[in-house]
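For reference, the structure is listed below as structure tokens.
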DNA sequence: CTTAGCACTCTAGCATGCTAAGTGCTAATC
DNA sequence: GATTAGCACTTAGCATGCTAGAGTGCTAAG
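Protein chains in written order, with this note's numbering: chain A, 2 to 345; chain B, 2 to 345.
So, in structure tokens, the structure goes:
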């Protein structure tokens, strides 16, 4: 459908535009492409590309700018991930090389590193195994009417919550409750736990006068546990690409990036290895000027996680895709080493 | 130093300016003040006020704007806190009326409520008692090489941290460590704990090969416990008062509001009941266009906390001071009820 | 001490004109 | 048929100039 030369021009437009950020004119390409062809010819070819919807103009006499279709074609067919230079790889390794005591820390740090490396916003999800089960529930009295509830899931993650128990609740009563829960609920898949919990209320009533408060807390920390946890690094970088001073825009972006539902929507469907969503391909209308590059990573039996970069639509895709690839490798390596260190 | 009439004019300028946000001219005041005096007279008085530094102009022929000195004088001598209407009080009560299981939740929610009530940014600190001691330390094995360390301080607050222990560490060794720590460190004031901890390293070496990792974690959660915790509500509201599109400004503000050191600097020295810091009175240069109203609150033996509002210098002080007063009362009431419910 | 009146100042908004960059089209050339 | 030189045209961005409106300071009279 497109000729070789048209593809070269399209590629050049995208590469130039993603580095300079300015519309690309025919004269610039004439010198740069060294294909021994005049600017007029390039203009003609550009007209074809525009007609087919791969590029557009900001106004009737401006240079050309890639369209969504143009980016899409480029990302799907033309882009070659940049080779990341050895120094940068070293620096990633170094950044990941601390001693971590929790997976969460590694994943959180990853978001930070990725955002610093790219000057974009990074989002990282920790590895998740499907079919998560409730493996144990502890309740630890701490004195002062305080107790801590700790929930352990089958992938080894934990959630905990401290709360106060009313004066009239005795230790025996609590222990009875724990026994009931351990008998009837531990071992179940997380998504069934809540239902089963409600079934056991009548039973609990034998021991606790108002089991509702108890269940609230349990539900709370269960939800935290089942919710996919993610970390965001470099939030402030989003500001760099907002139309000058559009405060409304900034507000929308920020509330977006802080709501877990929205983030999950955003990265949803990323089951391919590396996926690029461009502008309006993301359903959220605040993101028309942004693109998301996401990559899943596998940590053997410990599940699959995801890292993603959110930047402007005109980001240098080849560079970023190269980088996210390398980062994924390094992160996987680090996580495997981590699990190996602590595994039974 | 200033005549009655001059004070009236100063007050009117500030009140108008803090509600309209626009410079105030002499004609406006002529009609508004109904002091049977022409605009020319008001102009003369304004000239005096300007000469004494209480007001200024944005340009040579603009209306008058309060200066730092003007605000200061107003806040110190003229302002009368607005009476908060009953509906609003009700709504505060209602917002605070959920069941909370932790003080932190109440304080965090307070920041949210305050920011929503005012459309400014709210910062809240939970009550702190001086002379905090380490009351207990638990280490709970969770299986999968995971343990949770829980630290309880004498004010009933807790911090916890899950971490993995290397394969070669046995349960007995851990228990021995706990014993040592409980013997030698529990009961000490928090600020002495770290020093004492280092003295015990030789002892620990009997049981654990590399106590350093252990101590790191302990130090970590100890620091979290000693650090004054605060919550920020309505961060996005800061954006409303930034010069149109000054992205650099926004970035500075945001990193400010997320660094606990900066926040502590900000509210530092707020030992008076209600304190107002205006513009450049705050040392941080990003805040020249902002003011901070802070109020301490007392919860009997449970210590003293602080709530604060960060808004533009031209915020309606009388309204905000009235509001923060009422909020403080309601919060104190809520906290007392809370402690009463759970106290032994 | 107060005030009417006036000259002056400054901003905001609008229209105007200019330049640089880039385009589309046509007619001539390879 | 593909390519190109040349030219008329378009647009953003910037500087300039103008006007209306709001506000001031000052002076001279009440």
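Using N, Cα and C, we set each Cβ at its ideal position, and we do this for glycine too.
Remember, predicted model here, so these are calculated numbers, not experimental data.
Legend entry - Check whether residue 102(A) and residue 15(A) have beta carbons under 9 Å apart: Reading the first chain from its first residue, position 101 is the one you call residue 102(A). Reading the first chain from its first residue, position 14 is the one you call residue 15(A). Note that the C-beta distance between residue 102(A) and residue 15(A) is not below 9 Å.
Legend entry - Cβ-based contacts, 8 Å cut-off: residues of the region 251-268 of chain B near chain A: Within the region 251-268 of chain B, the residues whose Cβ lies closer than 8 Å to any Cβ of chain A are, in chain order, 251, 252, 255, 256.
Legend entry - Test: residue 90(A) CB closer than 9 Å to a CB of chain B: For this step, residue 90(A) is matched to residue 89 along the first chain. False, the Cβ-Cβ gap to chain B never drops below 9 Å.
Inset, instruction - Kindly confirm or deny that the region 255-265 of chain B and the region 140-151 of chain B touch, where touching means at least three C-beta pairs closer than 8 Å. - result: Contact check between the region 255-265 of chain B and the region 140-151 of chain B: fewer than three CB pairs, one atom from each, fall below 8 Å, which does not count as touching.
Legend entry - Where residue 134(A) falls: helix, strand or coil (DSSP): One-based indexing of the first chain puts residue 134(A) at position 133. Residue state, collapsed to three classes: strand.
Inset, instruction - Indicate whether at least one CB of chain B lies closer than 9 Å to the CB of residue 345(A). - result: Counting from 1 along the first chain, the entry for residue 345(A) is found at position 344. With a pLDDT of only 48 at residue 345(A), under the threshold of 50, the placement of this residue in the model should not be trusted, and no figure is reported.
Inset, instruction - Decide if residue 128(B) is buried, meaning its Cβ has at least 16 other Cβ atoms within 10 Å, or exposed. - result: Translated into positions along the second chain, residue 128(B) becomes position 127. By the neighbour-count definition (other C-beta atoms within 10 Å, threshold 16), residue 128(B) is a buried residue.
Legend entry - Paired residues, beta bridge with residue 142(A) - DSSP: Start at 1 with the first residue of the first chain, and residue 142(A) comes out as number 141. Its beta-bridge partners are 148(A).
Legend entry - Proximal residues of chain A, C-beta to C-beta of residue 150(B) below 8 Å: As a position in the second chain, residue 150(B) is number 149, starting the count at 1. Those within 8 Å of residue 150(B) in chain A number zero; the least Cβ separation is about 10 Å.
Inset, instruction - Indicate whether residue 318(A) and residue 66(A) have their beta-carbon atoms separated by less than 9 Å. - result: Indexing the first chain from 1 puts residue 318(A) at position 317. Indexing the first chain from 1 puts residue 66(A) at position 65. Taking the C-beta atoms as reference points, residue 66(A) is found no nearer than 9 Å to residue 318(A).
Legend entry - Interface flag, residue 291(A) vs chain B, CB-CB below 9 Å: On the first chain, residue 291(A) is found 290 positions in, with the first residue counted as 1. No, residue 291(A) does not count as interfacial toward chain B.
Inset, instruction - Tell me whether residue 127(B) sits in a helix, a strand or coil according to DSSP, three-state version. - result: Numbered from its first residue, the second chain carries residue 127(B) at position 126. Three-state DSSP puts residue 127(B) in a strand.
Inset, instruction - Count the other CB atoms, across all protein chains shown, that sit within 10 Å of the CB of residue 314(A); report buried if there are 16 or more and exposed otherwise. - result: What you label residue 314(A) is simply residue 313 of the first chain in a count that begins at 1. When all chains shown are included, residue 314(A) counts as buried.
Inset, instruction - Closer than 7 Å, Cβ to Cβ, to anything on chain B: give me those residues from the region 179-196 of chain A, in chain order. - result: Listed in sequence order: no entries.
Inset, instruction - Report yes if the C-beta distance between residue 198(B) and residue 232(B) is below 9 Å; otherwise report no. - result: Position 197 of the second chain, counted from the first residue, corresponds to residue 198(B). Position 231 of the second chain, counted from the first residue, corresponds to residue 232(B). Cβ distance not < 9 Å, so residue 198(B) and residue 232(B) don't count as in contact.
Inset, instruction - Starting from residue 278(A), follow the alpha helix (DSSP H) in both directions and report where the run begins and ends. - result: Here residue 278(A) is taken as the residue at index 277 of the first chain, counted from 1. Run containing residue 278(A): none in the alpha helix (DSSP H); it sits in the beta strand (DSSP E), 275-279.
Inset, instruction - Starting from residue 166(B), follow the alpha helix (DSSP H) in both directions and report where the run begins and ends. - result: The count along the second chain starts at 1 and reaches residue 166(B) at position 165. First-last for residue 166(B): undefined, no H or E at that position.
Legend entry - Opposing strand residues paired with residue 299(B) [DSSP bridges]: The residue you call residue 299(B) lines up with position 298 of the second chain. Within the DSSP secondary-structure output, residue 299(B) pairs in a beta bridge with 305(B).
Legend entry - Proximity of residue 328(A) and residue 93(A) at Cβ, strictly below 9 Å: Against the first chain, residue 328(A) aligns to sequence position 327. Against the first chain, residue 93(A) aligns to sequence position 92. If you check the CB distance, residue 328(A) and residue 93(A) come in under 9 Å.
Legend entry - Within 9 Å, strictly: CB atoms of residue 191(A) and residue 226(A): Within the first chain, residue 191(A) is the residue found at index 190, counting from 1. Within the first chain, residue 226(A) is the residue found at index 225, counting from 1. Yes, they are a contact pair.
Inset, instruction - Could you pull out every unbroken alpha helix (DSSP H) segment of at least 4 residues lying fully inside the region 165-243 of chain A, listed in chain order? - result: Entirely contained in the region 165-243 of chain A, the alpha helix (DSSP H) runs reaching 4 residues are, in chain order, 172-185, 191-200, 202-205, 212-227.
Inset, instruction - Tell me whether residue 274(B) is buried or exposed, calling it buried when 16 or more other Cβ atoms sit within 10 Å of its Cβ. - result: Residue numbering aside, residue 274(B) sits at position 273 when the second chain is read from its first letter. The residue in question, residue 274(B), is exposed, as its Cβ has fewer than 16 Cβ neighbours within 10 Å.
Inset, instruction - Helix, strand or coil for residue 291(A), going by three-state DSSP, please let me know. - result: For the purposes of this step, residue 291(A) is identified with residue 290 of the first chain, where counting begins at 1. In this structure, residue 291(A) counts as strand in the three-state DSSP scheme.
Legend entry - Touch test, the region 110-124 of chain A against the region 114-122 of chain B, Cβ-Cβ under 8 Å, three pairs minimum: They do not touch, by the three-pair rule.
Legend entry - Endpoints, alpha helix (DSSP H) assigned at residue 103(A): Taking the first residue of the first chain as position 1, residue 103(A) is located at position 102. From DSSP, residue 103(A) is part of no alpha helix (DSSP H); its letter is neither H nor E.
Inset, instruction - Would you list the one or two residues that DSSP bridges to residue 312(B)? - result: Within the second chain, residue 312(B) is the residue found at index 311, counting from 1. Beta-bridge analysis with DSSP links residue 312(B) to 292(B).
Legend entry - Cα-Cα separation between residue 57(A) and residue 309(A), rounded to whole angstroms: Counting from 1 along the first chain, the entry for residue 57(A) is found at position 56. Counting from 1 along the first chain, the entry for residue 309(A) is found at position 308. Answer to the nearest angstrom: the Cα atoms are 28 Å apart.
Legend entry - Within chain A, the residues that residue 157(B) reaches when beta carbons sit closer than 9 Å: As a first step, residue 157(B) is located in the second chain; it is residue number 156 there, counting from the start. Those within 9 Å of residue 157(B) in chain A are 143, 144, 145, 146, 147, 165.
Inset, instruction - Can you give me the start and stop residues for the alpha helix (DSSP H) that residue 93(B) sits inside? - result: On the second chain, position 92 is the one that residue 93(B) refers to. Looking at the DSSP string, the run of the alpha helix (DSSP H) that includes residue 93(B) is 87-96.
Inset, instruction - Identify, in the order they occur along the chain, each residue of the same chain with its Cβ nearer than 8 Å to the Cβ of residue 284(B), setting aside the five sequence neighbours on each side. - result: Taking the first residue of the second chain as position 1, residue 284(B) is located at position 283. The beta carbon of residue 284(B) lies closer than 8 Å to those of 266 in the same chain, with the five residues before and after it left out.
Inset, instruction - Between the Cα of residue 348(A) and those of 312(A), 298(A), 156(A), spot the shortest distance and give me the residue it belongs to. - result: Residue 348(A) is absent from the structure shown; chain A starts at 2 and stops at 345.
Inset, instruction - Please compile the residues from chain A whose C-beta is within a distance smaller than 8 Å of the C-beta of residue 161(B). - result: Translated into positions along the second chain, residue 161(B) becomes position 160. 149, 161, 163, listed in chain order.
Inset, instruction - Output the residue ranges of the alpha helix (DSSP H) runs that lie fully inside the region 25-93 of chain B and measure 4 residues or longer, sorted by chain position. - result: Whole alpha helix (DSSP H) segments, 4+ residues: 27-34, 40-52, 69-74.
Inset, instruction - State the Cα-Cα distance for the pair residue 62(A) and residue 46(B), rounded to the nearest angstrom. - result: Numbered from 1 along the first chain, position 61 holds the residue referred to as residue 62(A). Numbered from 1 along the second chain, position 45 holds the residue referred to as residue 46(B). Taking the Cα positions, residue 62(A) is about 58 Å away from residue 46(B).
Legend entry - Residue range of the alpha helix (DSSP H) that includes residue 5(A): Counted from its first residue, the first chain places residue 5(A) at position 4. Residue 5(A) -> alpha helix (DSSP H) spans 5-21.
Legend entry - 8 Å CB neighbourhood of residue 12(B) in its chain, flanking five on each side removed: Residue numbering aside, residue 12(B) sits at position 11 when the second chain is read from its first letter. Taking residue 12(B) as the centre and dropping the five residues before and after it, the same chain places the C-beta of 75, 79 closer than 8 Å to its C-beta, in chain order.
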